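Enquirer: Counting in my numbering, the final residue of the sequence shown is number 225, and the numbers go up one at a time with none missing. All residues carry an ideal CB built from backbone N, CA and C; glycine is no exception. These numbers were taken from a predicted model, which means no experiment stands behind them.
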Amino acid sequence: MAERITVVTENRNLRTLPFTPSEDHLTTGSQWKEWLEGIEREFRYFRISDPEDKKDAMIIYGGKEISRLEKSTPDPIDRRMDVYEKLKKKLNDYFAPKKNKHYTRYVFLKMRPINGESTVVYATRLRERAADCEFENQDDRILEHIIQTTDNEFLIKKTIKRNWTLDQMLQEVHQLEDTTLQIHDMRDIHTASRAG
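What follows is the structure, given as structure tokens:
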């Protein structure tokens, strides 16, 4: 009787697209950070933990630029790092912009609400930008910036009068903006039913 051989393979098809650096070095840094977070999330999901496998996956799924940099840039000297950590450090050193708190604060201070944007979404954008600003109290700086840049005088007065924290203000404004949208929606339905 002939022996039957069964080959079991793991199906770990990552969905990560190749990393394509931007022309703008500052934009490339944030794109790299997002791409790296994405592939590392997939490593966790697919339970890829072996450093060699992670390194190979990063080179295979990362595209030509990562493959080129893996070959052309020197390895970090730290012998305690595994092969994946070495590759990750090389790529971080290459793609991540050097932090300059003065520049990131300048960009933060220039931010304004986008027309039609909710205050909660605006605060989220501010929080993302403030992460690199090295503020002593990030929430206070975001709250101050919202007070200085919003057109909602009612919100400004209430925030100052009640001495709210950022979270308290966002909770109130979220409820206020939702209620305003619901009222507009009810008026639109009422107007449509009268016209029809």
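When DSSP labels each residue in this structure, what does Ala-152 get in the three-state scheme?
Expert: To locate residue 152, count along the sequence shown from 1; it is residue 123. Of the three classes helix, strand and coil, the one that applies to Ala-152 here is helix, per DSSP.
Enquirer: Please list, in chain order, all residues of the same chain as Asp-217 whose beta carbon is under 8 Å from its beta carbon, the five residues on each side excluded.
Expert: Here residue 217 corresponds to residue number 188 of the sequence shown, with the count starting at 1. Taken in chain order, the list of residues that qualify is empty.
Enquirer: Who are the near neighbours of Thr-35 in its chain, counting only those whose CB is closer than 8 Å to its CB and skipping five residues on each side?
Expert: Stepping through the sequence shown from its first residue, residue 35 is reached at position 6. Here Thr-35 scores only 42 on pLDDT, less than 50, and its place in the model should not be relied on; the value that follows carries that caveat. Cβ neighbours of Thr-35 beyond the five flanking positions: none.
Enquirer: Do you know offhand how far Asn-181's Cα is from Ala-125's?
Expert: Residue mapping note: residue 181 aligns to position 152 of the sequence shown, counting from 1. Residue mapping note: residue 125 aligns to position 96 of the sequence shown, counting from 1. About 37 Å.
Enquirer: Helix or strand or just coil, what does DSSP make of Thr-209?
Expert: Working through the sequence shown from its first residue, we reach residue 209 at position 180. Correct three-state label for Thr-209: helix.
Enquirer: Report the residue from Phe-164, Glu-146, Asn-42 and Leu-65 whose alpha carbon sits nearest the alpha carbon of Val-257.
Expert: What is shown of the chain runs 30 to 225, which leaves residue 257 out entirely.
Enquirer: Return helix, strand or coil for Met-140, following the three-state DSSP convention.
Expert: In the sequence shown, residue 140 corresponds to position 111, counting from 1. Three-state DSSP puts Met-140 in coil, outside helix and strand.
Enquirer: For the segment 69–146, list the alpha helix (DSSP H) runs that are entirely contained and at least 4 residues long, ordered along the chain.
Expert: List check, alpha helix (DSSP H) in window: 80–91, 93–101, 112–124 and 130–139.
Enquirer: Residues in its own chain within less than 8 Å of Arg-141 by CB, not counting five upstream and five downstream?
Expert: On the sequence shown, position 112 is the one that residue 141 refers to. Same-chain partners within the cutoff: Thr-178.
Enquirer: I need the DSSP call for Asp-161, collapsed to helix, strand or coil.
Expert: Along the sequence shown, one-based indexing puts residue 161 at 132. Of the three classes helix, strand and coil, the one that applies to Asp-161 here is coil, per DSSP.
Enquirer: How many angstroms separate the CA atom of Leu-195 from the CA atom of Arg-170?
Expert: Indexing the sequence shown from 1 puts residue 195 at position 166. Indexing the sequence shown from 1 puts residue 170 at position 141. Using only the alpha carbons, I get a separation of about 9 Å.
Enquirer: Does the Cβ-Cβ distance between Tyr-90 and Thr-49 come in under 8 Å?
Expert: Here residue 90 corresponds to residue number 61 of the sequence shown, with the count starting at 1. Here residue 49 corresponds to residue number 20 of the sequence shown, with the count starting at 1. Their beta carbons are not under 8 Å apart, which means Tyr-90 does not touch Thr-49 by this criterion.
Enquirer: Going straight from the alpha carbon of Arg-156 to that of Glu-206, what length do you get?
Expert: Looking up residue 156 in the sequence shown gives position 127. Looking up residue 206 in the sequence shown gives position 177. Computed Cα separation, rounded: 19 Å.
Enquirer: Quick one: what's got a C-beta closer than 8 Å to Ala-159's C-beta in the same chain, skipping five residues either side?
Expert: Indexing the sequence shown from 1 puts residue 159 at position 130. Taken in chain order, the residues that qualify are Phe-137, Gln-167, Arg-170 and Ile-171.
Enquirer: Would you identify the three-state DSSP class for Arg-44, choosing helix, strand or coil?
Expert: Here residue 44 corresponds to residue number 15 of the sequence shown, with the count starting at 1. In this structure, Arg-44 counts as coil in the three-state DSSP scheme.
Enquirer: Leaving out the 5 sequence neighbours to the left and right, which residues in its chain are closer than 8 Å to Ala-152 when beta-carbon positions are compared?
Expert: As a first step, residue 152 is located in the sequence shown; it is residue number 123 there, counting from the start. Result list for Ala-152: Ile-171, Ile-175, Leu-195 and Leu-199, in chain order.
Enquirer: In or out: Phe-183 buried (at least 16 other Cβ within 10 Å) or exposed?
Expert: Position 154 of the sequence shown, counted from the start, is the residue given in the question as residue 183. Exposed: under 16 other Cβ atoms inside 10 Å.
Enquirer: Look at the Cβ atom of Thr-102, then the Cβ atom of Lys-117, and state whether they are nearer than 8 Å.
Expert: As a position in the sequence shown, residue 102 is number 73, starting the count at 1. As a position in the sequence shown, residue 117 is number 88, starting the count at 1. Contact: no.
Enquirer: Whole angstroms is fine: what's the gap from Arg-108's alpha carbon to Glu-114's?
Expert: To locate residue 108, count along the sequence shown from 1; it is residue 79. To locate residue 114, count along the sequence shown from 1; it is residue 85. Cα to Cα, Arg-108 sits roughly 11 Å from Glu-114.
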